[in-house]
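Here the structure is laid out as structure tokens; the discussion comes afterwards.
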Amino acid sequence: MAKETRKPWGYAAVTLIPTGVGFAFSGLMTSQPAFIYSGLGMAIPGVLLAVTHFWSARRRA
9 MAKETRKPWG YAAVTLIPTG VGFAFSGLMT SQPAFIYSGL GMAIPGVLLA
59 VTHFWSARRR A
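What follows is the structure, given as structure tokens:
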């Protein structure tokens with residue numbers, strides 16, 4: 009059987025979620041919609057990657 013490859017989705021999620029939340033929060037504090045939207049554009053895919061990572065890890069166990 010081939011060795012199972014590890015997918016680094018969790019690492020990407022751990023990076024994207026706090027960065028996106030920070031961007032969105034700074035956009036809210038300074039009333040700049042560009043930061044809010046770019047922050048959400050990073051945080052939402054980060055959450056989806058985290059869900060995918062934990063779902064696949066759970067299915068393997």
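Residue numbers for the sequence shown, in the numbering used here: 9 to 69. Note that the Cβ used here is the ideal one computed from N, Cα and C, for glycine as well. All figures in this text were calculated on a predicted structure; none of them were measured in a lab.
Item	Value
Nearest to Met50 by alpha carbon, out of Thr27, Pro16, Ser64, Tyr19?	Thr27
Alpha carbon to alpha carbon, how far is Met37 from Thr60?	31 Å
According to DSSP, is Met9 part of a helix, a strand, or is it coil?	Here the model assigns Met9 a pLDDT of 48, short of 50, so the residue's position is not dependable, and the following value carries that caveat. If DSSP states are grouped into helix, strand and coil, Met9 belongs with coil.
Spatial neighbours of Phe43 within its chain, please: CB distance less than 6 Å, with the 5 preceding and 5 following residues excluded, ordered by chain position.	Phe31, Ser34, Gly35
When DSSP labels each residue in this structure, what does Ser34 get in the three-state scheme?	helix
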